[in-house]
Structure formats: structure tokens, C-alpha cells
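Engineer:
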Amino acid sequence: MAGAKVTRMANHNDVHRAACGCGNVTLDISAPPLFRVVCHCSICKAFNNAPFADILVYRAGDVSNPEPGTVDFKAWRPPPNVQRGTCARCGKPAIEQFRSPLFPDLAMVPSANLEDEPPAVDAHIFYGSRIEDINDDVPKHSGYWRSQWAFGKLVFARRRDR
Ligand SMILES: [Zn+2]
Ligand SMILES: [Zn+2]
410 MAGAKVTRMA NHNDVHRAAC GCGNVTLDIS APPLFRVVCH CSICKAFNNA
460 PFADILVYRA GDVSNPEPGT VDFKAWRPPP NVQRGTCARC GKPAIEQFRS
510 PLFPDLAMVP SANLEDEPPA VDAHIFYGSR IEDINDDVPK HSGYWRSQWA
560 FGKLVFARRR DR
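For what it's worth, this note's numbering labels the leading residue of the sequence shown as 410, then goes sequentially.
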């Protein structure tokens, strides 16, 4: 048992890295994500130029700030207040920063940008807006409030685990 504990602490102290496709934006990540979510909303589709967004959600303090000038931030339709950042060089999504008085500060990183294998998907949200059916046994939530509620529940449930 003592051995297992040491291993877990060692993993926790590992620095993980995420990078955009071109390598211009690199992020140091000091803890595992709270959860992984696939979002089918129209803003995520437009931002990612993809059928959905597959993102890892972290506490903001666990993800380093990108080097100044490497990321272009833009606030898409608020609320919620999400600053969506794309690489200044390749234009691909790099990091999203979420701040709300009701939530802990969060940082979201595309799952594909993680250099390690990401954990399994925890939920699909805004599934009613999907382009294609997804055949997996992951919980699926549709509609604005149900999707926000599912996201919020994951934030608070996983936060208590730590
Ligand atoms: Zn890039
Ligand atoms: Zn979305």
C-alpha cells in the first residue's frame, strides 16, 4: 500500500505537456484533468472547425499561462465568460480560460493537444446539436441548461475528489 501511495504522488508531481499542432504554444500541466468532455455546441464547432470539441478541463492553476504573444484570445458570445485562445501561428485551438463567480477558474485544453494519452470521455454535452450520432456508452446531455448542469456537476464532483 505504501508503494502505491508513492507512485500516486510521483504521478501527481509529473509535469504533463500540451502543445498545438505546430508546437508554437506549449503548456505545462501539473495535475491530471478534472474531466474530459465532448461538446457539440455551435460555438465549439465553429471555434474548432470540427464536428465537436473534445476537451480536457483543468483547474486554472494547474495549467501554465502560454508565452505572451503565442496565443490570440477572443471572447465568444458571453455568458459564460470563456476566453478562447488560438495559436497565433497555426490558428488551431490552444487553450480556453473560463472565469465565473459561480465556478472555480478553469482552463480547457483540446484533448488532442495532450502529449500523454488522455483519460476516457466523461460526458457529451449539447448532444442535441450534434452533427453525427456517437455510438459510445458515455452519458449524453442535450439542451443549454442540462448541458451546463452536467458540466457544473462534473466540476464540483471531481474537485471534491482531490
Ligand atoms: Zn500552433
Ligand atoms: Zn461547446
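C-beta: ideal position from N, C-alpha, C; glycine also.
Kindly indicate which residue of Ile534, Lys562 and Ser520 has the alpha-carbon position closest to the one of Ser451.
Structural biologist: The sequence position of residue 451 within the sequence shown is 42, counting from 1. Of Ile534, Lys562 and Ser520, the residue nearest in Cα terms is Ile534.
Engineer: Asn458: beta carbon under 6 Å from a heavy atom of ligand 1?
Structural biologist: As a working mapping, residue 458 is identified with position 49 in the sequence shown. Every heavy atom of ligand 1 is 6 Å or more from the Cβ of Asn458, so no.
Engineer: Residues around ligand 2, please: the condition is that the C-beta lies closer than 5 Å to some non-hydrogen atom of it.
Structural biologist: Those residues are Cys448, Cys450 and Cys453, given in chain order.
Engineer: For Glu541, count the other beta carbons within 10 Å of its own beta carbon; 16 or more makes it buried, fewer makes it exposed. Which is it?
Structural biologist: Walking along the sequence shown from the start, residue 541 turns up at place 132. Exposed.
Engineer: Do you know offhand how far Arg498's Cα is from Asn433's?
Structural biologist: Within the sequence shown, residue 498 is the residue found at index 89, counting from 1. Within the sequence shown, residue 433 is the residue found at index 24, counting from 1. Whole-angstrom Cα-Cα distance: 7 Å.
Engineer: Considering only residues of the segment 420-486, which uninterrupted alpha helix (DSSP H) runs meet the minimum length of 4 residues and lie entirely inside it, listed in chain order?
Structural biologist: Complete alpha helix (DSSP H) runs here, min 4: 451-457.
Engineer: Select from Gln492, Pro460 and Phe565 the residue whose C-alpha is nearest the C-alpha of Arg539.
Structural biologist: What you label residue 539 is simply residue 130 of the sequence shown in a count that begins at 1. Comparing Cα-Cα distances from Arg539 to each of Gln492, Pro460 and Phe565, the minimum goes to Pro460.
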